[in-house]
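Notes follow the structure.
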Amino acid sequence: MRSFPRLSPFATLTFVLLATAAPGHLEPEAERPASSRRVFGIQVPDVVPHEFYYTRGIYTGGGRRWGGYGRSWTIDYPKSDRQFLLGVKRLLDIDAYGMEHAVALDDPELNRFPFLYMVEVGQTAMTESEIAGLRRYLQAGGFLVVDDFWGSYEWEVWESQITRVFPEYHIVDIPIDHPLMNTVYPIKEILQVPNVGNAHRGVTSEQDGYVPHCRGIFDDQGRLLVVINWNTDLGDAWEWAEDPYYPLKYSTFAWEMGINFIVYSMSH
Amino acid sequence: MESIFAFLFKYRPFVFEKGHFALSAPWSMIGIVAFGVVVLGALSFSYTRVRGKSRWQDRVILGSIRAAALAVILFCLFRPKLMLSTVVPQRNFLGILIDDSQSMQIADQDGARSAFVARTLGSPDSALFKALAERFQLRFFRFSSTADRVADATQVRYTGRESRLGHSLEAARTELAGLPVSGLVVVSDGADNSGVGLTESLLALKGAGVPVFTVGLGRERFEKDIEISRVDAPRSVLLGTSLVVDLLVRQNGYRGSKITVFVEDAGRIVGSREVELPPDGQAAPVRVHFTVTEAGPRVFRFRIAPQAGELVTPNNQQDALILVNDRRDRVLYFEGEPRWEVKFIRRAVDADKNLQVVVLQRTAQDKFLRLSVDSANELIGGFPKTREELFRYRGLILGSVEAGFFTPDQLRMIADFVSQRGGGLLALGGRRSFSEGGYTGTSVADVLPVALGPRAGSDSMPFFAEMKVEPTPAGLSSPITQIGPTEEASAQRWKTLPELSTFNPIGTVKPGATTLLTGSGRDLRSRQAVLAYQRYGRGKSAAFTVQDSWLWQMHASIPLEDQTHETLWRQLLRWIVSDVPFEVTVTASRDRVSPGDPVTLTAEVDDDRYFRINNAVVTAQVVAPTGEKQTIPLDWTVSRDGEYRGTFTPKAEGLYAITVSGNQGSRALPPATAYVQATPLSTEYFDAEMHAPLLKRIAEETGGRFYTPATVSTLPEDVSYTQSGAAVVEEKDLWDMPILFLLLVGLVSAEWGYRRKRGLA
């Protein structure tokens, strides 16, 4: 990712609105009207909740590289989320909320949404409450997919952060014959999915991240809690799938992986 | 009262019951009547002619009194008599049946019940024995499960473990057949634990004209006693099941006391429950919870420690034989869309080694995800299309999948899965469930425990309501919805669980269904059923109408170590597959018997489509505790399709393993196993008070009479008035009954008193 060359005025406005709103911290359950749902600090009409919310994790981090606002969690947001959900709803018979949906890691409301996506995790600097919230979420049955971080430096950052969440577990490669890779679409190979700019140039890697990995964290009962997509950018493939110059094979692969993640998380 | 009657009327009421009335005047009846008419006419004439100071009312009263006195005298002149059939001494036989069961050792009257027998019938010097022996040829029997001839009452040992009154009476009658029998005397506490009705035996005795005279021994109510009178336990469960067993505790003399019911598995206490005892004579239902942790046939003992002053203590405990199966029961969960319930239900029962939830999940049009299947081909074609394929599972969960997905044959098959196969069906709430899924009017709707009406909401705006879930009284005590170690803890836990939601407004629950959980919320018109179930045909169905029970695992207010969600789903699914039959099932008439008592084995035999088959060759192999094997052929009963029966009698004490196998043509049927424990039972100490109503009924229906030790002295005379056997007719004069003399004196005195009062003397 990294570039916003064709950001529409609507997307820009949305981004600005969302980025300046106070994240998370939803009011207690008893005060929440049944006829609305709070999305990224905004009360939206939502008379009937959906089964699936593609939930983006709001975390602390980002630093100066993202304007000093600590907003690296917003990368590709919300276009990537919306486009991904369009594909999901077309390819799965699922009752999914079709819009972006972001929740802070330390928001108790996060536990209502057992699928969580975090992006640019090489920039994370999670607070203690976020660490505790994420740990509790995953132990209770939540499922985390991280994406779009590259190279050894960002790996070290993410590894140090996730080790704070689960000091007792190790990160391991998810074998290609794992059920995750076969839940809906059979994945034969982990492709390196480039950001849109690199894709236009025919390059796939960033920094020193030349080999894509799909790694995971399993708990002591063998349950997969976290899927780590390193040296790859599935989010950009969803975001720029309509771009005729973005290679189809990457966006196809990204959807296949994403749909596998969703169905696996909802059944395992 | 009876003695006053006998004083006034000269004879006891029983004599009047047995005899019939007759007049035997030495003179001509017509002459006596004519004489009476003349006298009464003269009387009337003289009273009407009287003048003086008497009024006409005085003359009517005095004339009536005088006429009544004359009527009494005329009655005596008719020589009234009682005609009685009386046995010829020593020409008739009298069978005396003495209860040989253990309960006769209970000392609840003047010594043990058996002591009365020894004093009266066991001693030739006793008045009763002499009186009977003077009139009859006595034949003694001892009876428990059957009646055996004995030389005299001293040979009764009181060791029988069962009382079968009807069977014993018939056995005695058969033994005395062909002899002039005046009647049978039954000396017993009246306990009959055969479980068989007496009507047929009594009709046979009545038809043969053999009256039965019953002597009831013991108290009708113990002063101090506690009894576990009933234990309702399942015959088989899955290993690890959290079991709830219902007991019935009766007591006298310990009202309000707190006692503890213990559950023991091979001497190890696995559960207990403190109970406050109910008022005297009442039964208290007691529910005990425990978990079965050992596989195989297990004998669980339910025990209350003997209390101070308790008369009978063997009835403080009961045993139950439960077959604990360490098998994996398979449940098919068909889900119509990706849903969180799939993940969290699988997660909840993942650690349960005795449950296998096979998931078939539709992810997209004609695309299915199969999970936990046993083979690559299992469910390869989607939802089963044949009975064989579907009926392999013992339970079926229908998730959010519209009725239109299924063919009419598949919907019928799902209904048959419950009604004919005997499987358990659980319907989950969801956007495509119940009425909202178009099930109204389908075969599946007939099976469900909730009534389905028109669809609520629309595709674009479905019905939705959040609700607080609460257990009903039935839910509080149900093993399915108990989510705490005790009922109190469970009730408390239910109060703290977060709200769930539903897409399915359930109007009413069907009559006969049981509601365990209900929900209420601001978007619901009224409280609605959340978890309800009913028996349907051979199986059962349940409806769980919420769509997000997974929140009870994920919600931020649920502690990580909390097991509510896991416990609820494990219990629910274990219940769904409990008691689900296999192709061949075998049950014993009783799973605990005394050695020597016959056991009837009943096998129900289906083919793999669960159609009853009548042409199978079915045998039962019985392995005795000694290792001895016996093959029992089971024959088709003809009265019911697929039902086969046979009988065996365990001789030795211990556990008998029964394996039923068979063939239908060349196809071998899967074997079925059951167990029977042969052990000396203490049945006699249960419900051991004297059962006067039963003994009275026997006497009344056969023309005999009921006695207690206080009234038994008249037995010899009463028996002698029987019409059975060799008898002669005896006439008993009634003209000299004291009541007639007293009546005459009274009438004359009344006339004199009236005259004195009116100044007419």
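Sequence lines, in order, name chains A and B.
Residue numbers for the first sequence follow the numbering used here, beginning at 10 and rising by one.
Residue numbers for the second sequence follow the numbering used here, beginning at 16 and rising by one.
Glycine included, each C-beta is placed from N, C-alpha and C at the ideal position.
Quick caveat, the model's predicted, so the values are computed rather than measured.
query	result
Contained alpha helix (DSSP H) runs [length at least 4] in the segment 557 to 600 of chain B, N- to C-terminal order	566 to 569 and 579 to 592
CB contact check: A:S276 to chain B, cutoff 8 Å	yes
Secondary structure of B:F108, DSSP reduced to three states	strand
Sub-8 Å separation of B:V259 and B:V290 beta-carbons	no
DSSP beta-bridge partners of A:C223	A:N238
Beta carbon proximity, A:I103 to chain B, threshold 8 Å	yes
B:R508 CB to nearest heavy atom of the ligand PLP below 7 Å	No copy of the ligand PLP appears in this structure; indeed no ligand is present at all.
Candidates B:L749, B:L531 and B:S18: closest to B:P95 by CA position	B:L749
Start-end ranges of the beta strand (DSSP E) lying completely within the segment 665 to 724 of chain B, minimum 3 residues	669 to 679 and 682 to 693
Which of helix, strand or coil DSSP assigns to B:I284	strand
Contact set between the segment 378 to 403 of chain B and chain A, restricted to residues whose Cβ is under 8 Å from the partner	T378, A379, Q380, K382, L384 and L386
Within 8 Å, strictly: CB atoms of A:L125 and A:G70	no
Cβ pair count under 8 Å reaching 3, the segment 269 to 283 of chain B against the segment 360 to 377 of chain B	no
Chain A contact for B:W509 (CB, 8 Å cutoff)	no
Stretch pair the segment 83 to 90 of chain B + the segment 719 to 727 of chain B: three plus CB contacts closer than 8 Å	no
Straight-line gap, A:S274 to B:P353 (C-alpha atoms, nearest Å)	10 Å
Where A:L26 falls: helix, strand or coil (DSSP)	Low confidence applies to A:L26: its pLDDT is 35, below 50, so where it sits in the model is not reliable, and the reading given next is rough at best. Of the three classes helix, strand and coil, the one that applies to A:L26 here is helix, per DSSP.
Cross-chain neighbours of B:H570 in chain A, by beta carbon under 7 Å	N120
Against chain A: residues of the segment 513 to 538 of chain B by CB proximity under 9 Å	P513, E514, S516, F518, G536, R537 and D538
Given B:E149 as reference, the closest of B:H35, B:L532, B:P139 and B:W590 once Cα atoms are compared	B:P139
Complete runs of the alpha helix (DSSP H) confined to the segment 83 to 147 of chain B [at least 4 residues]	128 to 135
Pair within 8 Å by beta-carbon distance, A:D157 and A:I268	no
Element boundaries [alpha helix (DSSP H), containing A:L114]	Segment: none, A:L114 is in no alpha helix (DSSP H) and carries neither H nor E.
Buried versus exposed call for B:R179 [16 or more other C-beta atoms within 10 Å across all chains shown]	buried
CB of A:W82 within 8 Å of CB of A:G131, strictly	no
Environment of B:A187 [buried if 16+ CB atoms lie within 10 Å]	buried
B:F500 versus B:K555 - alpha carbon distance	Note that residue 500 of chain B is Pro in the sequence shown here, rather than Phe. Going by the C-alpha atoms only, they are around 26 Å apart.
Proximity winner among B:V633, B:Q636, B:S475 and B:Q371, relative to B:S387 (alpha-carbon distances)	B:Q371
Outcome for A:L26 when other beta-carbon atoms lying within 10 angstroms are tallied against a minimum of 16	Because A:L26 sits at a pLDDT of 35, beneath the cut-off of 50, its placement in the model cannot be relied upon, and the point is left open.
Whole-angstrom distance between B:L441 and B:F406, CA atom to CA atom	15 Å
Counted within 10 angstroms of its Cβ, other Cβ atoms place A:H110 as buried (16 or more) or exposed	buried
Inter-residue CB distance, B:Y408 and B:Q322 (contact presumed, cutoff 8 Å)	At roughly 49 Å, the Cβ-Cβ gap does not stay under 8 Å, so B:Y408 and B:Q322 are not in contact.
Chain A contact residues for B:R359, given Cβ-Cβ distances below 9 Å	This sequence places Phe at residue 359 of chain B; Arg is not what is there. The answer, in chain order, is P123 and G150.
Where B:R773 falls: helix, strand or coil (DSSP)	helix
Same chain, Cβ closer than 8 Å to B:P787, neighbours up to 5 away in sequence not counted	In the structure displayed, chain B extends from 16 to 776; residue 787 of chain B sits before or after that span and is not available.
Contact set between B:E417 and chain D, taken where Cβ atoms lie within less than 8 Å	The structure shown contains no chain D; its protein chains are A and B.
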